[in-house]
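Presented below is the structure to which this report refers.
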Amino acid sequence: MRDAYIVQSVRTPGCKQKRGQFKETRPEELLSFIMKAAVERTEGLKAGDIEDVMCGCAFPEAEQGLNIGRIAAKMAGFPDSVSGATVNRFCASGLEAIALASARVQMGWSEITMGAGVESMTFVPMGGNVPRPHPEFSIEDPSMYISMGITAENVANRYNVSRADQDAFAADSQAKAAKAAKAGLFTEIVPTPAYKYVKQADGTYKKEQFIVSIDDGIRETTVEGLGKLRTVFALNGSVTAGNSSQTTDGAAATIIASKAKCDELGLKPIAKVVAYASVGCKSDEMGVGPRYAIPKALEIAGLKIEDIDIFEINEAFASQAIYSIRELGLSDSMHKINIHGGAIALGHPLGCTGAKLTATCLANLKEVKGKYGVVSMCIGGGMGAAAIFEMV
Ligand SMILES: CC(C)(COP(=O)(O)OP(=O)(O)OC[C@H]1O[C@@H](n2cnc3c(N)ncnc32)[C@H](O)[C@@H]1OP(=O)(O)O)[C@@H](O)C(=O)NCCC(=O)NCCS
854 MRDAYIVQSV
864 RTPGCKQKRG
874 QFKETRPEEL
884 LSFIMKAAVE
894 RTEGLKAGDI
904 EDVMCGCAFP
914 EAEQGLNIGR
924 IAAKMAGFPD
934 SVSGATVNRF
944 CASGLEAIAL
954 ASARVQMGWS
964 EITMGAGVES
974 MTFVPMGGNV
984 PRPHPEFSIE
994 DPSMYISMGI
1004 TAENVANRYN
1014 VSRADQDAFA
1024 ADSQAKAAKA
1034 AKAGLFTEIV
1044 PTPAYKYVKQ
1054 ADGTYKKEQF
1064 IVSIDDGIRE
1074 TTVEGLGKLR
1084 TVFALNGSVT
1094 AGNSSQTTDG
1104 AAATIIASKA
1114 KCDELGLKPI
1124 AKVVAYASVG
1134 CKSDEMGVGP
1144 RYAIPKALEI
1154 AGLKIEDIDI
1164 FEINEAFASQ
1174 AIYSIRELGL
1184 SDSMHKINIH
1194 GGAIALGHPL
1204 GCTGAKLTAT
1214 CLANLKEVKG
1224 KYGVVSMCIG
1234 GGMGAAAIFE
1244 MV
C-alpha cells in the first residue's frame, strides 16, 4: 500500500446554529469557499489536479442535499473533471471522507483527492427536516432513534460521571478556547465570507457579504454559572446546554496526495495518514465510541497511546468525553487533549466535525512540535471512529 500525504487542511470558523454569524449563509457557500481556499493555499496545486472530492455531511438533504460534494466542487470553480461524492457516518462523516479520500491514494486509484465536511445545522436541523423512523423497527429498537442527549445521560449514570466533573470539563474547554482565540492560535481557520439579507428602502432585500474569522460560540464561563443551568434532556439528569456540544454551522477541507504527485508538483507534505478505525457499540450509550475506536486505530498503526502527542476527542458531551478519557487511561494527559478547547466551546457541526478536527489536530501538532495526532469521536446510532496522523 502507498502512503497518503496531507498537503493542506483548513476550516471555516464554527458559528452557532440559527443565532450565529453563518445563519444566512448556505452550506454550499461555506463548503465551496473552504474547498477553493484549500487549493489556493497549496502552492503548486491547481483545482484540476484534484481527481475526487469526498464530502462528509450528517444530514445530506435540502440545502446540503443533492450530492453537495459535487455541487460545491462546481461552485468552487473546479473543472468538470473533479468528481464528487457525499459521505454519511453522522458525526464521523468528515473523518470518514478524509479516510476514504486517503484510501483512494493509498490504493493507487487516485493521485490527489480531497476529504471535506460540511454541516449547516441552521439550514438542516439535527434529525433532518422530516424524520421518518421505521414504524416497527423503532418499537423493536427505539435506542436507534433516541436523542443524543439521553445517550449522554446514560453514559453519566452508568459510568458515574458527576455533574460537577462535567461542568469543570466544560468550563476548562471554554477557557482553553478563549485563550487560544485571543492568542491567534487557530491558524487552521480561513476567514470566511458570510452573507446577510438587508432590507432596502424599497422593501426588497440585498445580499451583503461580511467576513467571519472567529468561532462565535466561545463565551466567558464559570463552573458556578454552569452549575446553575437546568438539565435539558432528563429531569434528574446532569447534561445541560453548558456541558453539551453546541449546534453549529461550518465546513472544512483537507487535500491528500501520493508521494509521486507531491514530488511532481512540488507539494509539501504536512502529515501522513497512518490509520483509521470505526467501531460499533450500544446505541443508547453511543458516547463511549472513542474508548473503543482509539485502541483499534492504535493497534492498526502499531502504536501505543503514549506515542500520541495531540488528541482531538470530540466533546459531543462532557459526560462521554470524560468517560472515554478515563477509560483510555488519559486522565493525567489533559495537556495533550483538546488543547485549545473542543466542541463545548467551538461547536460540533456534525458532518463537518471530523474534517474540522483534522485541521485543528494538524495545527496543534505543528504548534507543539508533536509527531502523532489522534482525531476521534462518538457517533449517533452507537459507533466510534478514530484516525491517526503522523507529521512529516
Ligand atoms: C443542549 C442544547 C439543546 C442547548 O441548546 P440551546 O438551548 O439552543 O442552547 P443555548 O446556547 O441557548 O443555551 C441555553 C441556556 O444556557 C445558557 N448557557 C449555555 N452555555 C453556557 C455557559 N457556558 N455558561 C453559562 N450559561 C450557558 C445560555 O445562556 C442559555 O440561557 P438562557 O436560556 O437564559 O438564554 C443543544 O446545544 C444541543 O442539542 N447540543 C447537543 C447537540 C448534539 O446532540 N450533537 C450530536 C452529538 S452526538
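Going by the numbering used here, the first residue of the sequence shown is number 854, and it counts up by one from there.
Note that CB positions come from ideal geometry on N, CA and C, so glycine has one too.
- Residue side-chain check: Thr1074 places its Cβ nearer than 8 Å to a non-hydrogen atom of ligand 1.
- The continuous beta strand (DSSP E) containing Gln861 extends over residues 858-864.
- Relative to the non-hydrogen atoms of ligand 1, the Cβ of Lys869 comes within a distance shorter than 8 Å of at least one.
- Between Ser862 and Thr1211, the CB-CB gap stays under 9 Å.
- Relative to ligand 1, the beta carbon of Ala1094 is positioned inside 8 Å of a heavy atom.
- The Cβ-Cβ distance between Gly1194 and Ala1094 does not fall below 9 Å.
- A straight line joining the alpha-carbon of Gly968 with that of Ile1108 spans about 6 Å.
- At least one heavy atom of ligand 1 is found less than 8 Å from the C-beta of Ala1023.
- Per DSSP, the continuous beta strand (DSSP E) segment holding Glu1243 begins and ends at 1236-1244.
- Cβ-Cβ distances below 7 Å link Val977 to Phe912, Glu914, Ala915, Glu916, Gln917 in the same chain, with the five nearest sequence neighbours on each side left out; the list follows chain order.
- Apart from the 5 residues on each side of it in sequence, Lys1029 sits with its Cβ closer than 6 Å to the Cβ of His1193, Gly1194 in its chain, given in chain order.
- The residue among Cys1134, Pro1148, Lys1149 with its C-alpha nearest the C-alpha of Gly1142 is Cys1134.
- Counting only runs that start and end inside the region 1082-1168, the alpha helix (DSSP H) elements of at least 4 residues fall at 1112-1118, 1142-1154.
- When DSSP states are grouped into helix, strand and coil, His1201 belongs to the strand group.
- Counting along the chain, Gly947 sits inside the alpha helix (DSSP H) bounded by residues 946-960.
- In the structure shown, Arg1011 adopts helical secondary structure according to DSSP, grouped into three states.
- Boundaries of the beta strand (DSSP E) around Ile1064: 1058-1065.
- Cβ-Cβ distances below 6 Å link Thr975 to Gln870, Lys871, Lys876, Asp1102 in the same chain, with the five nearest sequence neighbours on each side left out; the list follows chain order.
- In the DSSP assignment, Lys1049 falls outside any alpha helix (DSSP H) and within the unbroken beta strand (DSSP E) covering 1045-1052.
- For Thr939, there is no enclosing alpha helix (DSSP H); the residue is part of the beta strand (DSSP E) that begins and ends at 936-940.
- If you compare the alpha carbons of Ala1130, Ser1015, His1188, Lys1219 with that of Ala956, the shortest gap goes to Ala1130.
- Ala1169 places its beta carbon less than 9 Å from that of Ala1196.
- Taking C-beta atoms as the reference points, Gly947 and Gly970 count as a pair closer than 9 Å.
- Shown here for Pro1044: same chain residues with a beta carbon closer than 6 Å to its own, the five before and five after excluded, namely Ile1064, Ser1066 in chain order.
- Taking 4 residues as the shortest admissible run, the region 866-904 contains the following complete alpha helix (DSSP H) segments, listed from N- to C-terminal end: 880-893.
- At least 9 Å separates the beta-carbon of Lys1209 from that of Met1244.
- Note: Gly1037 is not bridge-paired with any residue in the DSSP secondary-structure output.
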